[in-house]
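For the record, the sequence lines run as chains A, B and C. The opening residue of the first sequence carries number 596 in our numbering; numbering runs sequentially from there. The opening residue of the second sequence carries number 1231 in our numbering; numbering runs sequentially from there. The opening residue of the third sequence carries number 131 in our numbering; numbering runs sequentially from there. Written below as structure tokens is the structure these notes are about.
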Amino acid sequence: MDKVHLGDIIKSLDSDIEIKEGKQFTEINIPASNLYTLAKQLRENHETSFDFLICITGVDYGQDLGVVYHLRSIRHNHTIVLKTRISDRENPQLDSVADIWRTAEFHEREIFDLLGIKFTNHPDLRRFFLKRSYGFPLRKDFVDDINIVTK
Amino acid sequence: MKKEEFRDNESLELLKESGSNVLLTTVNDVINWGRKNSLWPLTFATSCCGIEMMATGAPRHDFARFGMEVYRASPRQADVIVVAGTIVNKMAPVLKRLYDQMSEPKYVVAMGACAISGGPFFLNSYSVVKGVEHIIPVDVYVPGCPPRPEALLYGMIQLQRKIETESIKSRRRRNASHDVK
Amino acid sequence: MEETIKEIVDENQEYVINMGPQHPSTHGVLRLVVSLKGETVKNVEPHIGYVHRGIEKMCESITYPQIIHLTDRMDYLSAHINNEAVCLNVEKALEVDIPDRIKVIRTIMSELTRIQSHQLFWATFGMDLGGLTCFFYGLRDREKVLDIFEETCGSRMIVSYNCPGGLMYDIHPNFQKRVKDFINYFRKILPEYDQLLTGNVIFQERTRGIGRLSLEDAISYGVTGPAARASGFSCDVRKHEPYSAYDRVKFNEVLFNEGDTFHRYLARIEEMRESMNIIDQLIDNIPEGPFAVKMKPVIKLPEGEYYQRVETARGELGVYIISDGNKNPYRIKFRSPCFSNLSVLNLISKDFKIADLVAIGGSLDLVIPEIDR
């Protein structure tokens, strides 16, 4: 399915989004509150049917935090990128998509561990790699004088 | 390598000369001979150096011809722990507990750049322990990333020579220093 | 007396044991907290992070050619393929044209890496199930591939042979002859492997029907690689999105339908055969040309986001770079295949015995430093 047609179908599912053509894939920017409904529709709609979640990435953009979802459809063989931003750095929250794609359980735990974004309705949100009291290393303002050695 | 070139480790030769008194020399020699020729390593491999340690036990460079016949999975039955791989902050208490569970006499070989000093992860990493000597006392360092199997064999033979120079008096001093909490 | 004993020993109680970070058969530092009822596994919870070195954060302070040395050590058994992913990503972003010679050599080295990784899988899988001979046979043959690497690239396992723009040095003059000799030798040895393990009655009893993974679960849990292809999920990146020289070779994608431990094992043995076919088609006609393209001394990617995927021996590795125009990446993320493969362990080992858990864990072929990064 070509990109224009795909963009039109997704726009019809939710009008609050912004579609942009990246260098490789179509990018969709969506506010954080509409994420879960759009994700569910993207999976269940027959024309899009994004049933494979490639990975979830957490990014620190400096002012706000962001989460990037790479989705692929096995049946139609197309890929899109779904992006959202959270402006609250003290207590960031987002809806979990773990019941739509089961692979999100581990990915969201990793983002919680390294960036501090809490996912509501996650079956088991605990820290993965680091200790409970450690900070969030992937944030740009993270400082650890004891462990990190810089030149 | 010629035998004359191999005996070029001055500190070991000095240790050997300052031995114990005449009565105990033969007893020392027999005990040391028994200990050094059957060192049983503990299976402890964290990352890439673990595969080179397995390759040292493989048919081409055989570990077993030097006496390290079996790899023991339980620390109670092992003599030497070869720390192969990166140690991170989460793994450090586990390593210390394993070392404490080993029974005397025990030796430690730090294999690979990561175990010696943090290796390629020294700069800019927030969770790597910069060298396993912060946690347990090390006997032999084997450099390389990863060290070749021949290098690990050379390190184990140096450990054997170090054991050769031990005497009953120096062993008691050495064991006492391990109990420092 | 019987009633008091029955009261004390409550058969329906769940007993929690710890297969700790240091364990002979977890293939690295993986901690499994297993809840058992009798000897039947009810719940498996993996605890990871015992080799977490913070590679993604480290990459934000180093330049692009220096990232090669860190991705090498992430999944050390497919070191060459990991490096290829980062190099392809950088070359695609800078829109650099790579000559044919480099593509063909990269493909041959990738397939040799895949054979070497599957040989180690065969060796350790047999060892886990009790057949110690497999360990010795597998590692004996793996040394031949490592000899080829050592002559050309300088190092046995951690080869930093790829770099953005091509290869570090040209291949050794002996390369073609040694590879051809190895392929002829290994083709005769593979039936020996089948005789030793695949057709063995004990092995078949221990692996047939154990740990079934269905196709829908494989897609939902994000499983890729031979573990998913054994369940019927066609996910080979070399077929769907060919890179380097994969578009000019003919090979079959190895697919089965049953999805149990035996077929995950068989998929890897068949993949070794397919790899040898690929090398056969390429080794005689390596085109002439330069072995590296001249790049700028300081590599800066234009602003934007880039994603590249390759097929390692374990599954689909994805490299996602967000660049803001500097010489260090702003954010780099590695989508590692073992991370998603591990999440399916709890599902497929329910209601099997604890000895089967070792077989299932071994058949997923996990390399823990890749999960932890």
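For every residue, glycine included, the Cβ atom is placed at its ideal position computed from N, Cα and C.
task = Keeping to the same chain, check which residues put their C-beta closer than 6 angstroms to that of Lys1411/B; ignore five residues upstream and five downstream.
result = By one-based count along the second sequence, residue 1411/B stands at place 181. A caution first: Lys1411/B carries a pLDDT of 41, below 50, which makes its placement in the model unreliable, though a value can still be read off. If you ignore the 5 residues before and after Lys1411/B, its C-beta comes within less than 6 angstroms of no other C-beta in its own chain.
task = Can you pull the chain C residues whose beta carbon is under 9 angstroms from the beta carbon of Val692/A, in chain order?
result = Taking the first residue of the first sequence as position 1, residue 692/A is located at position 97. One finds nothing in chain C with a Cβ atom closer than 9 angstroms to the Cβ of Val692/A; even the nearest lies about 12 angstroms away.
inquiry  = Between which residues of its own chain and Arg428/C is the CB-CB distance below 6 angstroms, once the five residues before and five after are set aside?
reply    = Residue 428/C sits at position 298 when you count from the first residue of the third sequence. In the sequence as displayed, the identity of residue 428/C is Val instead of Arg. Lys457, listed in sequence order.
key: DSSP three-state assignment for Cys1375/B, whether helix, strand or coil   = In the second sequence, residue 1375/B corresponds to position 145, counting from 1. Reduced to three states, the DSSP call for Cys1375/B is coil.
key: Under 8 angstroms from the C-beta of Lys1320/B: neighbouring residues of chain C   = On the second sequence, residue 1320/B is found 90 positions in, with the first residue counted as 1. For Lys1320/B, the neighbours in chain C by C-beta distance under 8 angstroms run, in chain order, Gly179, Tyr180 and His182.
Spatially closest choice to Arg461/C from Cys189/C, Gly184/C and Pro417/C, by CA coordinates = If you number the third sequence from 1, residue 461/C lands on position 331. With distances taken between CA atoms, Arg461/C lies nearest to Cys189/C out of Cys189/C, Gly184/C and Pro417/C.
key: Ala693/A, buried or exposed, once every other Cβ within 10 Å from all chains shown has been counted against 16   = For this step, residue 693/A is matched to residue 98 along the first sequence. Buried.
inquiry  = If distances are taken between C-alpha atoms only, which option among Ala443/C, Lys430/C, Lys483/C and Arg272/C comes closest to Leu224/C?
reply    = Within the third sequence, numbered from 1, the residue matching residue 224/C stands at position 94. Considering only alpha carbons, the answer is Lys430/C.
request  = Within 10 angstroms of the Cβ of Val663/A, are there 16 or more other Cβ atoms? Answer buried if so, exposed if not.
outcome  = Locating residue 663/A in the first sequence gives position 68, where the first residue counts as 1. Under this definition Val663/A is a buried residue.
request  = Use the C-beta contact count for Leu262/C: other C-beta atoms within 10 angstroms, 16 or more gives buried, fewer gives exposed.
outcome  = In the third sequence, residue 262/C corresponds to position 132, counting from 1. Note on Leu262/C: under 16 other CB atoms within 10 angstroms of its CB, so exposed under the neighbour-count rule.
task = Go ahead and pull the three-state DSSP assignment for Thr391/C.
result = For the purposes of this step, residue 391/C is taken as residue 261 along the third sequence, with counting starting at 1. Of the three classes helix, strand and coil, the one that applies to Thr391/C here is helix, per DSSP.
task = Please classify Gly1264/B: does DSSP put it in a helix, a strand, or coil?
result = As a first step, residue 1264/B is located in the second sequence; it is residue number 34 there, counting from the start. Helix, per DSSP.
C-beta neighbour in chain A for Gly389/C, strict 9 angstroms = On the third sequence, position 259 is the one that residue 389/C refers to. Answer no: the Cβ-Cβ gap between Gly389/C and chain A never drops below 9 angstroms.
message = Short of 7 angstroms Cβ to Cβ, which residues in the segment 724–740 of chain A face chain E?
response = Annotation note: the requested chain E is absent from the structure, which comprises protein chains A, B and C.
Residue range of the alpha helix (DSSP H) that includes Gln196/C = As a first step, residue 196/C must be located in the third sequence, where it is residue number 66. That run of the alpha helix (DSSP H) goes Tyr194 to Thr201.
task = Quick one: residues in its chain with C-beta nearer than 8 angstroms to the C-beta of Asn629/A, no 5 flanking neighbours on either side, listed in chain order?
result = If you number the first sequence from 1, residue 629/A lands on position 34. Beyond the five residues adjoining it in sequence on each side, Asn629/A comes within less than 8 angstroms, by CB distance, of Asp609, Asp611 and Ile612 in the same chain, given in chain order.
request  = With 7 angstroms as the C-beta to C-beta threshold (strictly closer), list the residues of the segment 341–357 of chain C near chain A in chain order.
outcome  = For the segment 341–357 of chain C, which is checked against every Cβ of chain A, the residues closer than 7 angstroms are Ile349, Ser350, Tyr351 and Gly352.
Whole-Å CB distance - Leu385/C paired with Gly362/C, under 8 angstroms assumed = In the third sequence, residue 385/C corresponds to position 255, counting from 1. In the third sequence, residue 362/C corresponds to position 232, counting from 1. Yes, Leu385/C and Gly362/C are in contact; Cβ-Cβ is about 6 angstroms, under 8 angstroms.
ask   = For the segment 192–207 of chain C against the segment 165–177 of chain C, are there 3 or more C-beta pairs whose distance is under 8 angstroms?
value = Touching, no.
Below-9 angstroms beta-carbon distance, Asn742/A vs any chain B residue = In the first sequence, residue 742/A corresponds to position 147, counting from 1. So, interface residue.
task = Indicate whether at least one CB of chain A lies closer than 9 angstroms to the CB of Leu496/C.
result = Here residue 496/C refers to the residue found at position 366 of the third sequence. Leu496/C does not count as touching chain A.
inquiry  = Just to confirm the assignment, what range does the beta strand (DSSP E) spanning Ala1340/B have?
reply    = On the second sequence, residue 1340/B is found 110 positions in, with the first residue counted as 1. From DSSP, the beta strand (DSSP E) with Ala1340/B extends over Tyr1337 to Met1341.
ask   = Would you say Tyr460/C reaches chain B, if we count a Cβ-Cβ gap shorter than 9 angstroms as a contact?
value = Within the third sequence, numbered from 1, the residue matching residue 460/C stands at position 330. Chain B, which has no Cβ nearer than 9 angstroms to the Cβ of Tyr460/C, makes this no.
request  = Kindly say whether Ile211/C, judged by its beta-carbon, lies nearer than 9 angstroms to any beta-carbon of chain B.
outcome  = Mapped onto the third sequence, residue 211/C falls at position 81. For Ile211/C, the answer is no, since every Cβ of chain B falls outside 9 angstroms of its Cβ.
query = Secondary structure at Asp690/A, three-state DSSP: helix, strand or coil?
reply = Counted from its first residue, the first sequence places residue 690/A at position 95. Here DSSP, grouped into helix, strand and coil, assigns Asp690/A to strand.
task = Spell out a yes or no on whether the segment 244–263 of chain C and the segment 1342–1355 of chain B are touching, meaning 3 or more CB-CB pairs, one atom from each, closer than 8 angstroms.
result = No, the segment 244–263 of chain C is not in contact with the segment 1342–1355 of chain B.
query = Using the C-alpha atoms, what's the distance from Arg231/C back to Glu418/C?
reply = In the third sequence, the residue the question calls residue 418/C occupies position 288. In the third sequence, the residue the question calls residue 231/C occupies position 101. Spanning the alpha carbons of Glu418/C and Arg231/C requires a straight line of approximately 6 angstroms.
task = Under 6 angstroms Cβ to Cβ from Glu705/A, same chain only, skipping five residues before and after it: list those, please.
result = As a working note, residue 705/A is residue 110 in the first sequence. Hits under 6 angstroms: Phe723.
ask   = Out of curiosity, what's the CA-to-CA distance linking Arg368/C and Gly168/C?
value = One-based indexing of the third sequence puts residue 368/C at position 238. One-based indexing of the third sequence puts residue 168/C at position 38. Taking the Cα positions, Arg368/C is about 45 angstroms away from Gly168/C.
ask   = Applying a beta-carbon distance threshold of less than 9 angstroms, which residues of chain B neighbour Thr745/A?
value = Translated into the one-based positions of the first sequence, residue 745/A becomes position 150. In chain order: Leu1353 and Asn1354.
ask   = Using 8 angstroms as the Cβ pair cut-off and three pairs as the minimum, do the segment 461–479 of chain C and the segment 434–447 of chain C touch?
value = The answer is yes - the segment 434–447 of chain C touches the segment 461–479 of chain C, with three or more Cβ pairs under 8 angstroms.
query = Do you know how far the Cα of Met1332/B is from the Cα of Arg1306/B?
reply = As a first step, residue 1306/B is located in the second sequence; it is residue number 76 there, counting from the start. As a first step, residue 1332/B is located in the second sequence; it is residue number 102 there, counting from the start. One C-alpha to the other measures close to 5 angstroms.
query = With a CB to CB cut of under 7 angstroms and the five nearest residues on each side skipped, what residues in its chain are close to Lys635/A?
reply = Counting from 1 along the first sequence, the entry for residue 635/A is found at position 40. Here Lys635/A has Ile695 as same chain residues with Cβ atoms under 7 angstroms from its own Cβ, once five neighbours each way along the sequence are excluded.
inquiry  = Counting only beta-carbon separations shorter than 9 angstroms, does Arg1290/B have a partner in chain C?
reply    = By 1-based counting over the second sequence, the position of residue 1290/B is 60. Answer yes: the Cβ-Cβ gap between Arg1290/B and chain C drops below 9 angstroms somewhere.
task = Report the partner residues of Ile452/C according to the DSSP bridge assignment.
result = Position 322 of the third sequence, counted from the first residue, corresponds to residue 452/C. For Ile452/C, which the question treats as bridged, DSSP gives the partners Glu435/C and Arg461/C.
task = Using a Cβ-Cβ cut-off of less than 7 angstroms, give me the residues of the segment 450–476 of chain C that come near chain A, in sequence order.
result = For the segment 450–476 of chain C, residues whose beta-carbon sits nearer than 7 angstroms to a beta-carbon of chain A comprise Tyr450, Ile452, Arg461, Lys463, Arg465, Phe469, Ser470 and Ser473.
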